[in-house]
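A quick write-up on the structure given underneath.
Residue numbers (this note's numbering), protein chains in the order written: chain A, 1 to 277; chain B, 1001 to 1145; chain C, 2001 to 2161.
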């Protein structure tokens, strides 16, 4: 297992609720719904439960000089002559870990279900991801469906910060990110009712843009009715090579950006709560 | 009957120059309304270079009909252009080979024994535009100006 | 004509994490946009609607749609072509012609009296650009992956009102 980078900030009790490691690849056009059964057979012993969802759309982080990139409608393309192949979720017994497979994506997720669930750490998750992607590649190859050619990678950390009854959303956002964000008071209007934040940073390699770090903070409800601020950090971009090594490199790099940015953006007072070491 | 084309272990024709497709011969490339692009200044619709793309299947190559072999069997040049919305262009084999491409035979048994391929075009518009420049229109595709 | 901006339909500029499952549902705070008149920054560019219509046509093509053995246009090639356009185009850049290629890729063509620009998209992260200056006869070809500044500069100078 690759050791944790020694200079990376570490928290014993981070507010992390979900972590997702993913790769997008050139669409395996010949992969049909029945093939998903062969794929599940590879993972069934550890992930015995199954769900299906509509497929997620393709995302690309692309770049042009200032003045490029107008807002455009989202488009999801689908062959009208074909029944869409679903995204299937293979889930472990505790329902905390899952793998997601569709024609052009593979993900490994950890999520917090119960209060006692502990984040297994990135170093363990990347090993499960690597193993899963290699097994998927083997099945795809054995079935004669083609090869997996990665074109984008993504690592996401979702953090939940409770909003106590006596506080407003904005007060909690200020508590979380107050070094950078102070809700403006507008005379008789007072402070804002709520706020959302979205930041984008360009990730570079040798001065060339390869991806982005997206940081968002917004109010959300948990299924148990708890009101929270959801602080989500996603690093997404093109792998340096269209193979497993390139994907793992980007996921490692993305994770470093996520953790360092989380540490820089959030307030030291919150770090104490989260057990920063 | 022409000499059999070379094939790989799976029976697929491999790229070759067929000895009996002579340099003074011609091949017919079908065109379709999907191949048309519009001039943004004049609105005129013409064939794009995309009309001369190789397929991505096991044989590869740009699908064509071998005109002189068809004539020898009493068939008109547009015999295989059965869709009324489709058109066709004629290409000289010598000019194709001078551009570095191979012109060979890939018979489709039961459907088109005069079927050939042009190999070596590859990706990118540059080489495809060179083919467009030597193409002679036999029939315009529907919508082509 | 005026219409409210449907917030859920906009902005791939900051797409959220595709793979996150989450145990939350984001609070549906009603942030209804006002019905505003069409503006160059607030509405879908013409080329976007044009591409959507054309993509719908191409996605109905079946294998051997042309009796030449051509493949169906690949969804990931169309998705990436749209990414190229969304990054490289200005709101008023002329719509390209979108040509399905025999190998399942797509070609974006801007044909003009002064210059032709063609972009071949085979797979994601693989775009081949060709340009021809009709006056000088100079041809240029180069490859793009995810950085489209040279293409953006060319389209804005030659095909943008």
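We put the beta carbon where it would ideally sit given N, CA and C, even for glycine.
Beta-carbon separation (whole angstroms), residue i vs residue j, contact threshold 8 Å
i	j	result
residue 1026/B	residue 1090/B	5 Å
residue 2119/C	residue 2108/C	4 Å
residue 102/A	residue 85/A	7 Å
residue 203/A	residue 245/A	Actually they do not touch by this definition, with Cβ atoms about 18 Å apart.
residue 140/A	residue 28/A	6 Å
Closer than 9 Å to chain C by CB, residue i
i	result
residue 171/A	no
residue 1062/B	yes
residue 1139/B	no
residue 279/A	Look at the range of chain A in this structure, 1 to 277, and you will see that residue 279/A is not part of it.
residue 12/A	no
residue 1120/B	no
residue 33/A	no
residue 1046/B	yes
residue 241/A	no
residue 1129/B	yes
residue 26/A	yes
residue 18/A	yes
Status (buried if at least 16 other CB within 10 Å, exposed otherwise) for residue i
i	result
residue 2028/C	Because the pLDDT at residue 2028/C is just 47, under 50, the model does not fix this residue reliably, and the value given afterwards should be weighed accordingly. Exposed, since its Cβ has fewer than 16 Cβ neighbours within 10 Å.
residue 167/A	exposed
residue 1076/B	exposed
residue 159/A	buried
residue 180/A	exposed
residue 1001/B	exposed
residue 1040/B	buried
residue 264/A	exposed
residue 124/A	exposed
residue 100/A	buried
residue 58/A	buried
residue 2110/C	buried
residue 201/A	exposed
residue 1065/B	buried
residue 118/A	exposed
residue 1/A	exposed
residue 2139/C	exposed
Under 8 Å from the C-beta of residue i: neighbouring residues of chain C
i	result
residue 1042/B	2113
residue 1038/B	2097, 2111
residue 1057/B	2069, 2071
residue 261/A	Those do not exist, as residue 261/A stays about 15 Å from chain C at its closest Cβ, beyond 8 Å.
Proximal residues of chain C, C-beta to C-beta of residue i below 9 Å
i	result
residue 1030/B	2066, 2067, 2068
Chain A residues whose Cβ lies nearer than 7 Å to that of residue i
i	result
residue 2132/C	Per Cβ cutoff of 7 Å: no residues; residue 2132/C is ~22 Å from chain A at best.
residue 2145/C	238
Contact list for residue i against chain B, beta-carbon separation under 7 Å
i	result
residue 1951/C	One cannot answer for residue 1951/C here, as it falls past the ends of chain C, which runs 2001 to 2161.
residue 2104/C	1056
Short CB-CB distance (under 9 Å) between residue i and chain B
i	result
residue 2159/C	yes
residue 2061/C	yes
residue 2028/C	Since pLDDT at residue 2028/C reaches only 47, below the 50 mark, its modelled position is unreliable, and no value is offered.
Within chain C, partners of residue i - CB distance below 7 Å
i	result
residue 1123/B	2120, 2122, 2128
residue 1050/B	2099, 2101, 2107
residue 209/A	2147
residue 29/A	2074
Any C-beta of chain E under 9 Å from that of residue i
i	result
residue 2074/C	Among the protein chains of the structure shown, namely A, B and C, there is no chain E.
Cross-chain neighbours of residue i in chain B, by beta carbon under 8 Å
i	result
residue 2094/C	1040
residue 2141/C	1124, 1125, 1126
Interface flag, residue i vs chain A, CB-CB below 9 Å
i	result
residue 2078/C	yes
residue 2084/C	yes
residue 2012/C	Because the pLDDT at residue 2012/C is just 39, under 50, the model does not fix this residue reliably, and the value given afterwards should be weighed accordingly. Yes, residue 2012/C counts as interfacial toward chain A.
residue 2137/C	no
Residues that residue i contacts on chain A, provided the C-beta gap is smaller than 8 Å
i	result
residue 2050/C	Going along chain A, no residue has its Cβ under 8 Å from residue 2050/C, so there is no contact; the nearest lies around 12 Å.
Exercise. Check distances from the C-beta atoms of the segment 1071–1094 of chain B to those of chain C and list, in chain order, the residues that come in under 9 Å.
Key: So the list reads 1080, 1081, 1082, 1083, 1086, given in the order they occur along the chain.
Practice problem: Taking a Cβ distance cut-off of 7 Å, strictly less, list which residues of the segment 1003–1032 of chain B are near chain C, in chain order. | Solution: Answer in chain order: 1030, 1032.
Practice problem: Could you please tell me which residues of the segment 131–164 of chain A, in chain order, have their CB closer than 8 Å to any CB of chain C? | Solution: Correct list: 149, 151, 152, 154, 156, 158, 160.
Quiz prompt | chain C contacts from the segment 46–67 of chain A (Cβ-Cβ distance under 8 Å) | solution = Against chain C - using a Cβ distance shorter than 8 Å - the residues of the segment 46–67 of chain A are 56, 57, 58, 59, 60, 61, 62, 63, 64, 65, 67.
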